[in-house]
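Asker: The listed protein sequences correspond, in order, to chains A and B.
For the first sequence, the working numbering begins at 7 and goes up steadily by one.
For the second sequence, the working numbering begins at 76 and goes up steadily by one.
Pasting in a structure now, in structure tokens, and then I'll have a few things to ask.
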Amino acid sequence: MTEFIVKRLLQALLVLAVMTVLVFFGVNVIGNPVYIFASSECDQPCLDAIIKDLGLDRPIWEQYWVFIGNLLQGDLGNSFTHGVPAMSLIWQRLPATLELAFCALVIALTVGLPLGVAAGLRPTHWTSRVIMGFSMIAFSVPIFWIGLIMIIVFSVSLGWMPAVGRGDTVDILGVDLSLFTLDGLHHLAMPAFTLSLIMMAMVIRLTRAGMREVLFSDYIKFARANGIRERRILTLHVMRNILIPIVTVLGMEFGGVIAFAVVVESIFSWPGVGKMLIDAIAVLDRPLIVAYLIFVVIMFVTLNLITDIIYSLLDPRVRLGGNSS
Amino acid sequence: MTAPPVLEVKNLNTSFLLPIGEVRALRDISFDVRRGEILGLVGESGSGKSITGFSINGLLSPPGQVMSGSIRLHGQEITGLTPAAMRQLRGAKIAMVFQDPMMTLNPVLKISLQMGDALRAHARLSEREARARSIAALEEVGIPAPEERLDAFPHQLSGGMRQRVAVAIALLHEPDLVIMDEPTTALDVTIQGQILALVQRLCRERGTALIWITHDLAVVAGIADRILVMYAGRIVEDGTIDELLDTPAHPYTRGLIDSVPTREQRGSRLRQIPGRMPALTDIPEGCTFRPRCSFATDACAAPQEMRSLGTRLVRCCHPLTEVSA
Ligand SMILES: Nc1ncnc2c1ncn2[C@@H]1O[C@H](COP(=O)(O)OP(=O)(O)OP(=O)(O)O)[C@@H](O)[C@H]1O
Ligand SMILES: [Mg+2]
Chain A
7 MTEFIVKRLL
17 QALLVLAVMT
27 VLVFFGVNVI
37 GNPVYIFASS
47 ECDQPCLDAI
57 IKDLGLDRPI
67 WEQYWVFIGN
77 LLQGDLGNSF
87 THGVPAMSLI
97 WQRLPATLEL
107 AFCALVIALT
117 VGLPLGVAAG
127 LRPTHWTSRV
137 IMGFSMIAFS
147 VPIFWIGLIM
157 IIVFSVSLGW
167 MPAVGRGDTV
177 DILGVDLSLF
187 TLDGLHHLAM
197 PAFTLSLIMM
207 AMVIRLTRAG
217 MREVLFSDYI
227 KFARANGIRE
237 RRILTLHVMR
247 NILIPIVTVL
257 GMEFGGVIAF
267 AVVVESIFSW
277 PGVGKMLIDA
287 IAVLDRPLIV
297 AYLIFVVIMF
307 VTLNLITDII
317 YSLLDPRVRL
327 GGNSS
Chain B
76 MTAPPVLEVK
86 NLNTSFLLPI
96 GEVRALRDIS
106 FDVRRGEILG
116 LVGESGSGKS
126 ITGFSINGLL
136 SPPGQVMSGS
146 IRLHGQEITG
156 LTPAAMRQLR
166 GAKIAMVFQD
176 PMMTLNPVLK
186 ISLQMGDALR
196 AHARLSEREA
206 RARSIAALEE
216 VGIPAPEERL
226 DAFPHQLSGG
236 MRQRVAVAIA
246 LLHEPDLVIM
256 DEPTTALDVT
266 IQGQILALVQ
276 RLCRERGTAL
286 IWITHDLAVV
296 AGIADRILVM
306 YAGRIVEDGT
316 IDELLDTPAH
326 PYTRGLIDSV
336 PTREQRGSRL
346 RQIPGRMPAL
356 TDIPEGCTFR
366 PRCSFATDAC
376 AAPQEMRSLG
386 TRLVRCCHPL
396 TEVSA
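See below:
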């Protein structure tokens, strides 16, 4: 296990190194940040001074080494627009995004698993068709559209739900969360539901497919032949087997959910890292964009590692590290 | 003084209700099994052996359905029992073991949990009592170091070990009837012999009625008291092991015996039954075996009823015992 984790961390470092190159040079291609700092009457000498000040006059590879050097000290530079360290901005915004993504995950599982089980138990019943139709729609209709429709219906027309912001937050262990106030939950509901839809559709499909496969397996038939109660068979004997692919896929997908919360955060003006990224791109805030991308890479690698560990706990046939007995 | 047989099956008809119509998998199956008796159920693949087993323990999966007939356990009718009542019989009174030990145990649950669940399906037991009984049961089927095996997952055991575990689970509640559905087919010959001897011993000791399903006459020749020969969903011959092996009455039984390799035949070509079993969807009129039978005459085109010849039953209009052999 330890050997596996060390190996995985080394791999992660390699991925990270490659990413820094891609991100750094990639960001250099998209526009010149000098104009953000220069006022309209800034002439050539004034521009040159700004360029020199930012270090942009030096060769690009030299800029890269400076960037790496700073990165190793945990310094990703100051945001051009906010003037504070980029990483601190991310940490500040992250709880809102994590909260949103976590709620979306919980919704996806609590709604998706039972629906998937129902669809798997009676595949030809009309309820099953409705469920599968719903999952198809949730999967294929763009979520920004669903988000907008929900705002129009529930916020504009009916006036039931707030359309923007986090609502009241409470401070839990130094982190502001909406999850524990009624007003916060009220604000959280629509964006979390919107963000959960794709995961929910996947959970439904994976659960149904798993049910169809596992229900007809010999070991379930054997469990029944031994008189084990149907409820116990479903909730433990079947579910344990179905959860393996679900955990794997959701684990992989969860990083994506956080990274692409961008869309949902923009629609609902949810003040998370995704919204911050969009704002940063709009003004070419290079350090902030780079910091965000680096952060996303680290997050993906970490989530994959956690997924692998949970996977090995669920499936005894998988031994992390490879050297089986 | 004569207690009813453990199992009485009378005129059992089982069908699959498919969109293309009714496929009759079992036609008019009748037989008894007495306490302590070992009944061999022999027939080639697709003849309906497993379906017979599942019809008895109520585990036919849809669209399979018992259409008519009676199944009595200790004289009590069990067709038409509620699912809950059937569950109480399964494992407690009627047990079943399947063909492939690799598939019979749940791959993601420890042996202890699978045994514990099977125990608690019919008894209130504490964790410790369940463990103690599990260990005793594993010991009885000849598993070394049962304590350790109990904490293992199925993939950590060999095929033979797994089948022993399955047998141990099936016998946990000392059922009155055990159906073994080709439990040794997937195992190598020595292990096959061991399991055979083990099951025979346990059933004899406890007076358990045993139905041993196999496509291989040689497997049951050594242990069965009586043999049923099945062909295309029908029983074609039913007799004691001695009369059936020494003087087979049905040409199909004769074919099965001849296709078992023996020493005397060494060097000579093994005799096979020509042709193959018809699909259930186009069963010929009259005697089902007629197209493959070298003794067939015009009389065979008429429907064949079971005829009794002394102590045995045969579904053939000119049994081999009547022809001068
Ligand atoms: N779900 C199903 N739908 C339609 N027909 C089925 C279905 N399941 C089984 N059958 C039919 O029932 C017949 C008997 O099947 P069964 O499993 O009892 O055969 P078997 O004698 O146990 O053969 P084997 O030695 O291969 O296990 C088969 O010919 C098969 O065509
Ligand atoms: Mg079978």
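Positions of the beta carbon are idealized from the N, C-alpha and C atoms, including for glycine.
Predicted, not measured: the structure shown is a model, and the values here were computed from it.
Taking the alpha helix (DSSP H) that residue 288 (chain B) belongs to, which residues open and close that run?
Answerer: The sequence position of residue 288 (chain B) within the second sequence is 213, counting from 1. Note, residue 288 (chain B): premise wrong, no alpha helix (DSSP H); beta strand (DSSP E) at 284-289.
Asker: Just list the residues that DSSP pairs residue 97 (chain B) with in beta bridges.
Answerer: Position 22 of the second sequence, counted from the start, is the residue given in the question as residue 97 (chain B). Answer by DSSP bridge pairing, in chain order: B:92.
Asker: Taking the C-alpha atoms as reference points, what is the distance between residue 185 (chain A) and residue 192 (chain A)?
Answerer: Looking up residue 185 (chain A) in the first sequence gives position 179. Looking up residue 192 (chain A) in the first sequence gives position 186. Between residue 185 (chain A) and residue 192 (chain A), the C-alpha separation is close to 9 Å.
Asker: Go ahead and pull the three-state DSSP assignment for residue 170 (chain B).
Answerer: Residue mapping note: residue 170 (chain B) aligns to position 95 of the second sequence, counting from 1. Strand at residue 170 (chain B).
Asker: Please say whether residue 80 (chain B) and residue 108 (chain B) have beta carbons closer to each other than 8 Å?
Answerer: For the purposes of this step, residue 108 (chain B) is taken as the residue at position 33 of the second sequence. For the purposes of this step, residue 80 (chain B) is taken as the residue at position 5 of the second sequence. Yes; because the gap between Cβ atoms is below 8 Å, this pair is in contact.
Asker: I need the straight-line Cα distance from residue 320 (chain B) to residue 213 (chain A), nearest angstrom please.
Answerer: The residue given as residue 320 (chain B) occupies position 245 in the second sequence. The residue given as residue 213 (chain A) occupies position 207 in the first sequence. Each residue's alpha carbon lies about 51 Å from the other.
Asker: Considering only DSSP beta bridges, list what residue 383 (chain B) is partnered with.
Answerer: Taking the first residue of the second sequence as 1, we reach residue 383 (chain B) at position 308. Looking at the DSSP assignment, residue 383 (chain B) forms a beta bridge with B:388.
Asker: Tell me which residues share the same chain as residue 350 (chain B) and place their Cβ nearer than 8 Å to its Cβ, disregarding the 5 neighbours each side in the sequence.
Answerer: As a working mapping, residue 350 (chain B) is identified with position 275 in the second sequence. Same-chain partners within the cutoff: 366, 367.
Asker: Indicate whether the contact test is met: 3 or more Cβ pairs, each with one atom in the segment 120-139 of chain B and one in the segment 245-260 of chain B, closer than 8 Å.
Answerer: Touching, yes, given that three or more Cβ pairs across the two stretches are closer than 8 Å.
Asker: Return helix, strand or coil for residue 113 (chain B), following the three-state DSSP convention.
Answerer: If you number the second sequence from 1, residue 113 (chain B) lands on position 38. Strand at residue 113 (chain B).
Asker: Which residues mark the beginning and the end of the alpha helix (DSSP H) in which residue 252 (chain B) is found?
Answerer: Mapped onto the second sequence, residue 252 (chain B) falls at position 177. From DSSP, residue 252 (chain B) is part of no alpha helix (DSSP H) but of the beta strand (DSSP E) over 252-256.
Asker: Please go through the same chain and pick out, in chain order, the residues whose beta-carbon is closer than 6 Å to the beta-carbon of residue 293 (chain B), but skip the five residues on each side of it.
Answerer: Sequence index remark: in the second sequence, residue 293 (chain B) carries index 218 (1-based). 335.
Asker: Could you list the residues in the segment 199-231 of chain A with a C-beta less than 9 Å from some C-beta on chain B, going in chain order?
Answerer: Cβ contacts with chain B: 221, 222, 223, 224, 225, 226, 227, 228, 229, 230, 231.
Asker: State the start and end residues of the unbroken alpha helix (DSSP H) segment that holds residue 330 (chain B).
Answerer: Start at 1 with the first residue of the second sequence, and residue 330 (chain B) comes out as number 255. First-last of the alpha helix (DSSP H) with residue 330 (chain B): 326-333.
Asker: Quick check on DSSP: helix, strand or coil for residue 178 (chain A)?
Answerer: Mapped onto the first sequence, residue 178 (chain A) falls at position 172. Strand, per DSSP.
Asker: Beta-carbon within less than 7 Å of residue 110 (chain B)'s beta-carbon, same chain only, minus the 5 sequence neighbours each way: which residues are those?
Answerer: Here residue 110 (chain B) is taken as the residue at index 35 of the second sequence, counted from 1. Excluding residues within five positions, the ones whose Cβ falls inside 7 Å are 81, 282, 284.
Asker: Just to check my reading of the structure: residue 311 (chain A) and residue 14 (chain A) have Cβ atoms closer than 8 Å, yes? What is that Cβ distance to the nearest angstrom?
Answerer: As a position in the first sequence, residue 311 (chain A) is number 305, starting the count at 1. As a position in the first sequence, residue 14 (chain A) is number 8, starting the count at 1. At roughly 5 Å, the Cβ-Cβ gap stays under 8 Å, so residue 311 (chain A) and residue 14 (chain A) are in contact.
Asker: Could you give the residue range of the beta strand (DSSP E) that holds residue 148 (chain B)?
Answerer: Residue 148 (chain B) sits at position 73 when you count from the first residue of the second sequence. Its beta strand (DSSP E) spans residues 139-148.
Asker: Check the Cβ-Cβ distances between residue 128 (chain A) and every residue of chain B, and say whether any is below 8 Å.
Answerer: For the purposes of this step, residue 128 (chain A) is taken as the residue at position 122 of the first sequence. For residue 128 (chain A), the answer is no, since every Cβ of chain B falls outside 8 Å of its Cβ.
Asker: Can you pull out the residues from the segment 234-247 of chain A whose beta carbon lies closer than 7 Å to at least one beta carbon of chain B?
Answerer: 234, 235, 238, 243, 246, 247
Asker: Would you say residue 175 (chain B) faces chain A, with C-beta separation under 8 Å as the test?
Answerer: Sequence index remark: in the second sequence, residue 175 (chain B) carries index 100 (1-based). So yes, residue 175 (chain B) belongs to the interface.
Asker: Closer than 7 Å, Cβ to Cβ, to anything on chain A: give me those residues from the segment 181-201 of chain B, in chain order.
Answerer: 181, 182, 183, 184, 192, 193, 196, 197
Asker: On a Cα-Cα basis, can you pick out the residue from B:187, B:234, B:193, B:230 that is closest to residue 221 (chain B)?
Answerer: In the second sequence, residue 221 (chain B) corresponds to position 146, counting from 1. Minimum Cα distance to residue 221 (chain B) is reached at B:187.
Asker: List the residues that DSSP assigns as beta-bridge partners of residue 310 (chain B).
Answerer: In the second sequence, counting from the first residue as 1, residue 310 (chain B) sits at position 235. Per the DSSP secondary-structure output, residue 310 (chain B) pairs in a beta bridge with B:305.
Asker: Have a look at A:207, A:41, A:70, A:174 and flag the residue whose alpha-carbon is nearest the alpha-carbon of residue 56 (chain A).
Answerer: One-based indexing of the first sequence puts residue 56 (chain A) at position 50. When the alpha-carbon of residue 56 (chain A) is set against those of A:207, A:41, A:70, A:174, the nearest one is in A:41.
Asker: Could you tell me whether the segment 103-120 of chain A touches the segment 193-208 of chain A, using the rule of 3 or more Cβ pairs below 8 Å?
Answerer: yes
Asker: Within this structure, are the beta carbons of residue 298 (chain A) and residue 286 (chain A) separated by less than 8 Å?
Answerer: On the first sequence, position 292 is the one that residue 298 (chain A) refers to. On the first sequence, position 280 is the one that residue 286 (chain A) refers to. A Cβ-Cβ contact shorter than 8 Å links residue 298 (chain A) with residue 286 (chain A).
Asker: Give the straight-line distance between the Cα atoms of residue 387 (chain B) and residue 247 (chain A), rounded to the nearest whole angstrom.
Answerer: The sequence position of residue 387 (chain B) within the second sequence is 312, counting from 1. The sequence position of residue 247 (chain A) within the first sequence is 241, counting from 1. Distance between the alpha carbons of residue 387 (chain B) and residue 247 (chain A): 48 Å.
Asker: At least one CB of chain A closer than 8 Å to the CB of residue 91 (chain B): is that the case?
Answerer: For this step, residue 91 (chain B) is matched to residue 16 along the second sequence. Not closer than 8 Å to any Cβ of chain A, the Cβ of residue 91 (chain B) fails to qualify, so no.
Asker: Find out if the Cβ-Cβ distance for the pair residue 305 (chain B), residue 124 (chain B) is shorter than 8 Å.
Answerer: Translated into positions along the second sequence, residue 305 (chain B) becomes position 230. Translated into positions along the second sequence, residue 124 (chain B) becomes position 49. Yes, the Cβ-Cβ distance between residue 305 (chain B) and residue 124 (chain B) is below 8 Å.
Asker: Name the chain A residues whose beta carbon is nearer than 7 Å to that of residue 179 (chain B)?
Answerer: Along the second sequence, one-based indexing puts residue 179 (chain B) at 104. 224, 225, 228, listed in chain order.
Asker: By DSSP, does residue 13 (chain A) sit in helix, in strand, or in coil?
Answerer: As a working mapping, residue 13 (chain A) is identified with position 7 in the first sequence. Here residue 13 (chain A) sits in helix by DSSP.
Asker: Measuring only the C-alpha atoms, how far is residue 252 (chain A) from residue 107 (chain A)?
Answerer: Start at 1 with the first residue of the first sequence, and residue 252 (chain A) comes out as number 246. Start at 1 with the first residue of the first sequence, and residue 107 (chain A) comes out as number 101. One C-alpha to the other measures close to 17 Å.
Asker: As a quick check of your reading: which residues have a C-beta less than 7 Å from at least one non-hydrogen atom of ligand 2, in chain order?
Answerer: B:124, B:125, B:174, B:256, B:257, B:288
Asker: With a threshold of 8 Å between beta-carbons, can residue 238 (chain B) be considered close to chain A, or not?
Answerer: To locate residue 238 (chain B), count along the second sequence from 1; it is residue 163. Judged by the 8 Å Cβ criterion, residue 238 (chain B) is not in contact with chain A.
Asker: Output the residue ranges of the alpha helix (DSSP H) runs that lie fully inside the segment 214-254 of chain A and measure 4 residues or longer, sorted by chain position.
Answerer: 224-231
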